[in-house]
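S.K.:
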Amino acid sequence: MATYAIGDVQGCFGTLCCLLERIAFDAARDRLWFAGDLVNRGPRSLETLRFVRNLGASALTVLGNHDLSLLMAAEGLGKRSRGDTFDDVLTATDRTELLDWLRHQPLCHVEDGFCLVHAGLLPAWDVMLAQVLAREVENALTGANWREFLAHLWGSEPAAWDADLTGWARLRVIVNAMTRLRFCTPEGTMDFQTKGETASAPAGYLPWFAVPGRRSADATLIFGHWSALGLKVWPHLLATDSGCVWGGMLTAIRLEDRAVFQVPCLPEEACPLSA
Numbered sequence: 001m002a003t004y005a006i007g008d009v010q011g012c013f014g015t016l017c018c019l020l021e022r023i024a025f026d027a028a029r030d031r032l033w034f035a036g037d038l039v040n041r042g043p044r045s046l047e048t049l050r051f052v053r054n055l056g057a058s059a060l061t062v063l064g065n066h067d068l069s070l071l072m073a074a075e076g077l078g079k080r081s082r083g084d085t086f087d088d089v090l091t092a093t094d095r096t097e098l099l100d101w102l103r104h105q106p107l108c109h110v111e112d113g114f115c116l117v118h119a120g121l122l123p124a125w126d127v128m129l130a131q132v133l134a135r136e137v138e139n140a141l142t143g144a145n146w147r148e149f150l151a152h153l154w155g156s157e158p159a160a161w162d163a164d165l166t167g168w169a170r171l172r173v174i175v176n177a178m179t180r181l182r183f184c185t186p187e188g189t190m191d192f193q194t195k196g197e198t199a200s201a202p203a204g205y206l207p208w209f210a211v212p213g214r215r216s217a218d219a220t221l222i223f224g225h226w227s228a229l230g231l232k233v234w235p236h237l238l239a240t241d242s243g244c245v246w247g248g249m250l251t252a253i254r255l256e257d258r259a260v261f262q263v264p265c266l267p268e269e270a271c272p273l274s275a
């Protein structure tokens, strides 16, 4: 049995199938951990969602910012991007079942010393606290008022965590950190504008994982979201987004031995927009 962490698929279903063939995936034996953003920008979001859902216990995914954007779009909320490509999900006959399944996926997953999250964790959060905070969001997203939660999810403020935050502001900070974070100050103030390589950090900001004294450093964090960062296999950090949808590679890391498996994005699945 092997467990594979897989970077952002973003609707590149054909490429995902090639990767699973490359690792000789066996659903009766192996497990897949997806780092979020199953959908959007690539052409086959619907097939990707159906496939991962139908794998049942053989696969798990955390929620990414594009997955949440899909959930908001389905309710007429948020802002649609000109690059959105998940209309196949919104017009599908089984959209209700698929979106309900997606809404019930976790924001982070912790197991055997690993923490799987789409973007990252703020410096003040250890993995145990991150689990507790993620559960607050998961409860809101699956509770009776989940539509109201989605209606208040859009936005980048507050930009910093404060344990005294309450209500929608508290939940929004948790979501933004776990699904959008790249750079932050040592105190944990987040920047959501910069998307480039680590050298492009704004003055006073660092990559979230490079903040000295980061409290989650004792766990191995697995994340995606940052295609400009690319594949990184470090002792306590596995960055899995190797830019498939931008014409790069789709990556799987076997957690038992850190072996890396990659396949190139199929040409017809590469997003024509600039990253």
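Take the sequence shown: its letter number 144 is residue 144 in full-length UniProt numbering, and every next letter is one higher.
Positions of the beta carbon are idealized from the N, C-alpha and C atoms, including for glycine.
1. Report the option in PHE34, VAL62, GLY11, GLY167 whose CA atom is closest to the CA atom of THR3.
2. CB-CB under 7 angstroms to THR48, same chain, minus the five flanking residues each way: which ones, in chain order?
3. As a quick exercise: from LEU121, LEU141, LEU55, pick the residue whose alpha carbon is nearest that of ARG31.
4. Might you give, ordered along the chain, the residues of its own chain that have their beta carbon closer than 8 angstroms to the beta carbon of ALA275, omitting 5 neighbours on each side?
5. Ignoring anything shorter than 3 residues, give me the beta strand (DSSP E) runs that lie fully in the region 111-181, in order along the chain.
6. Flag this pair as yes or no: are the beta carbons of VAL127 and LEU107 separated by less than 8 angstroms?
7. To the nearest angstrom, how far is the alpha carbon of PHE51 from that of ALA124?
8. Cutting at 7 angstroms between CB atoms, please list the residues of its own chain near ARG22, excluding the five before and the five after it.
9. Counting only the same chain and skipping the five closest in sequence on each side, list residues whose C-beta sits under 7 angstroms from that of GLY113.
10. If you measure between the beta carbons of LEU46 and ALA74, is that distance less than 8 angstroms?
11. Please classify VAL245: does DSSP put it in a helix, a strand, or coil?
12. What number of angstroms, rounded off, separates the C-alpha of ALA217 from the C-alpha of LEU98?
13. Buried or exposed for PRO43, please, with buried defined as at least 16 other CB atoms from any protein chain shown within 10 angstroms of its CB.
14. Check ALA275 in the structure and name its three-state DSSP category.
15. Straight-line CA distance for GLY64 to ALA5?
16. Would ALA119 pass as a contact of THR166 if the rule is Cβ separation under 8 angstroms?
17. Within 10 Å of its beta-carbon, does GLU148 have 16 or more other beta-carbons around it, so buried, or fewer, so exposed?
18. In terms of residue numbering, what span does the beta strand (DSSP E) encompassing ALA259 cover?
19. With a threshold of 7 angstroms on Cβ separation, who are the neighbours of LEU150 within its own chain once the five nearest residues in sequence on each side are excluded?
20. Is the beta carbon of LEU68 closer than 8 angstroms to that of VAL173?
21. State the CB to CB distance for the pair ARG53 and THR85, rounded to an integer number of angstroms; the pair is presumed to be in contact (CB under 8 angstroms).
22. Mind checking whether ALA239 and PHE223 have CB atoms under 8 angstroms apart?
M.R.: Quick look at the numbers:
1. Within the sequence shown, residue 3 is the residue found at index 3, counting from 1. Comparing Cα-Cα distances from THR3 to each of PHE34, VAL62, GLY11, GLY167, the minimum goes to PHE34.
2. Reading the sequence shown from its first residue, position 48 is the one you call residue 48. Taken in chain order, the residues that qualify are VAL9, GLY11, PHE13, LEU16, LEU38, VAL39.
3. As a working mapping, residue 31 is identified with position 31 in the sequence shown. Among LEU121, LEU141, LEU55, the Cα nearest to that of ARG31 belongs to LEU55.
4. In the sequence shown, residue 275 corresponds to position 275, counting from 1. Only weak support is given to the placement of ALA275: the predicted model assigns it a pLDDT of 39, under 50, and the value that follows is read from those uncertain coordinates. Only LYS195, SER227, ALA228, GLY243, TRP246 meet the Cβ criterion.
5. 114-117
6. Against the sequence shown, residue 127 aligns to sequence position 127. Against the sequence shown, residue 107 aligns to sequence position 107. Not in contact: VAL127 and LEU107 (Cβ atoms no closer than 8 angstroms).
7. The residue you call residue 51 lines up with position 51 of the sequence shown. The residue you call residue 124 lines up with position 124 of the sequence shown. Answer to the nearest angstrom: the Cα atoms are 36 angstroms apart.
8. Indexing the sequence shown from 1 puts residue 22 at position 22. Hits under 7 angstroms: PHE261, VAL263.
9. If you number the sequence shown from 1, residue 113 lands on position 113. Cβ within range, chain order: ALA219, THR220.
10. As a first step, residue 46 is located in the sequence shown; it is residue number 46 there, counting from the start. As a first step, residue 74 is located in the sequence shown; it is residue number 74 there, counting from the start. Against a cut-off of 8 angstroms, the Cβ pair of ALA74 and LEU46 comes out as no contact.
11. For the purposes of this step, residue 245 is taken as the residue at position 245 of the sequence shown. DSSP places VAL245 in helix when its eight states are reduced to three.
12. As a first step, residue 217 must be located in the sequence shown, where it is residue number 217. As a first step, residue 98 must be located in the sequence shown, where it is residue number 98. Rounded to whole angstroms, ALA217 to LEU98 spans 35 angstroms at the Cα level.
13. Taking the sequence shown and counting its residues from 1, the one referred to as residue 43 is at position 43. Buried is the call here.
14. Position 275 of the sequence shown, counting from 1, holds the residue named residue 275. Any reading at ALA275 is ruled out, since the residue's pLDDT is 39, under 50, leaving its predicted position unreliable.
15. One-based indexing of the sequence shown puts residue 64 at position 64. One-based indexing of the sequence shown puts residue 5 at position 5. C-alpha separation (whole angstroms): 15 angstroms.
16. In the sequence shown, residue 119 corresponds to position 119, counting from 1. In the sequence shown, residue 166 corresponds to position 166, counting from 1. Going by C-beta atoms, ALA119 is not nearer than 8 angstroms to THR166.
17. The residue labelled residue 148 in the question sits at position 148 within the sequence shown. It is exposed - the Cβ of GLU148 has fewer than 16 other Cβ atoms within 10 Å.
18. On the sequence shown, position 259 is the one that residue 259 refers to. 259-264 is the extent of the beta strand (DSSP E) around ALA259.
19. Residue 150 sits at position 150 when you count from the first residue of the sequence shown. Here the set comprises LEU71, MET72, GLU75, LEU77.
20. Residue numbering aside, residue 173 sits at position 173 when the sequence shown is read from its first letter. Residue numbering aside, residue 68 sits at position 68 when the sequence shown is read from its first letter. Cβ atoms of VAL173 and LEU68: not closer than 8 angstroms.
21. Counted from its first residue, the sequence shown places residue 53 at position 53. Counted from its first residue, the sequence shown places residue 85 at position 85. About 19 angstroms separates the two Cβ atoms, so there is no contact after all.
22. The residue given as residue 239 occupies position 239 in the sequence shown. The residue given as residue 223 occupies position 223 in the sequence shown. Yes.
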